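Heads up, the thing below is written out as structure tokens.
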Amino acid sequence: MKLPRRKFLHLAVGAAALPATSRIAKAQAYPTRPVRVVVGFPPGSGPDVVARILEQKLSERLGQSFVVENRPGAGSNIATEIVVRAPADGYTLLFAASSNAINATLYANLTFDFVRDIAPIASVVSTPFVMASGPTVPAKTVPEFIAYAKANPGKINFASPGNGTAPHLCGELFKMMTGVNMVHVPYRANYMPDLLGGQVQMAFSTATQLVDYISAGKLRALGVSSAARLEALPDVPAIGESVPGYVGIGWFGLASPKDVPSEIVEKLNAEVNAAVASPDTKARLVALGVPPMAMTPAAFGKFIADETQKWAKVIKFAGIKPV
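For the sequence shown, my numbering gives the first residue as 1160, with consecutive numbering after it.
Have a look at this one:
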């Protein structure tokens, strides 16, 4: 039986619309079962703490459990590979971090391309660092520290929690932009006793880790690595106020395998942005020294690409290799 042309076209258009309608319906119903959020760092770490704050809020808002799964190792590469290989259905997500942008250059033999193989969903928070000096450094400001370092080349040691970490790269970026000669000292354990004792003279660390020592006068906050001052330390200037263009932050966000339906990505983005903007959650994050950082998926994707290029330059400048 032949169908009239008009009826045939009507049926064809309707059939073509079915997949889109199905995708929208699935996105509206999502999630219908628990969602796992893979964190590439151990329980109690900064990323883990923020991820658990977020998963609690998303569980409340969406009526399904968002469950944190800690898979530490290789600077978060193990967790990232798990998510890259997972089904692209929105039920396995990555709690991405600035280490992902760093690792893209730091590790030469990754089995995935973070920018290509991961779909950015939503940025969650930025993690600015405080440039803090110990008791043996006379400088009270960033310009004074630069002058002191140039007068004592190679005699200032700066500590970090490890080779290729964001605090390490913040120090290398500072060296690159100011021309000072400092020696990096990576620690596997807590470096704070050595910073307090003067064995190392400076470190980039989180406000949460330093604020009590700064308040007690045991350490001096010279500047913060974000573009603007921190609410937690309003009297401490941004490093960029005296080193124009300096910004070196960590960050956390949510990502998924690259082919997750765009409708689910958009829904999660809206929910994450609403979650971190809620007064109770925002207050908790600000108190931790990690202010919310909301972006669209597209803006977050561009941010990740820019961060990857930025840290690649620093890694090559400093000749950093993974340990």
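Here a beta-carbon is modelled for each residue, glycine too, at the ideal position from N, C-alpha and C. What you are looking at is a predicted structure, and each value in this text was computed from that prediction instead of being measured.
Suppose the cutoff is 6 Å on Cβ atoms and the five residues either side in sequence are ignored; what does the same chain contact list for residue i look like?
i	result
residue 1447	1367
residue 1257	1325, 1409 and 1410
residue 1304	1298 and 1381
residue 1401	1301 and 1302
residue 1479	1323
residue 1350	1318
residue 1445	1390
residue 1477	1331
residue 1466	1260
Taking the DSSP output, what are the residues bridged to residue i?
i	result
residue 1286	1409
residue 1344	1318
residue 1416	1277
residue 1451	1284
Is residue j closer than 7 Å to residue i when the C-beta atoms are compared?
i	j	result
residue 1331	residue 1482	no
residue 1395	residue 1380	yes
residue 1354	residue 1293	yes
residue 1254	residue 1210	yes
residue 1451	residue 1284	yes
residue 1498	residue 1200	Outside the displayed span of the chain (1160 to 1482) sits residue 1498, for which this structure offers no information.
residue 1251	residue 1195	yes
residue 1424	residue 1456	yes
residue 1190	residue 1223	yes
residue 1229	residue 1206	no
residue 1291	residue 1389	no
residue 1417	residue 1276	yes
residue 1335	residue 1405	no
residue 1357	residue 1295	yes
residue 1419	residue 1188	no
residue 1274	residue 1397	no
Got a sec? Which residues, its chain only, sit under 8 Å from residue i by beta carbon, not counting five neighbours each side?
i	result
residue 1317	1330, 1341, 1342, 1343, 1344, 1359, 1360, 1361, 1362 and 1363
residue 1443	1212
residue 1433	1220
residue 1387	1397
residue 1437	1216
Looking only at its own chain, which residues have a Cβ that is under 7 Å from the Cβ of residue i, when we skip the five neighbours before and after it?
i	result
residue 1282	1410, 1412, 1452, 1453, 1454, 1459 and 1462
residue 1470	1260, 1261, 1264 and 1328
residue 1221	1190 and 1430
residue 1271	1239, 1240 and 1243
residue 1428	1280, 1281, 1455 and 1456
residue 1218	1224 and 1225
residue 1233	none
Could you give the uninterrupted runs of the beta strand (DSSP E) lying entirely in the region 1232-1300, keeping only those of 3 residues or more?
-> 1251-1256, 1277-1286 and 1289-1292
Let me know the alpha helix (DSSP H) ranges lying completely inside the region 1340-1405, each 4 residues or longer, listed in chain order.
-> 1351-1356 and 1366-1374
With a floor of 3 residues, list each beta strand (DSSP E) that falls wholly inside the region 1181-1229, ordered by position along the chain.
-> 1194-1198 and 1225-1229
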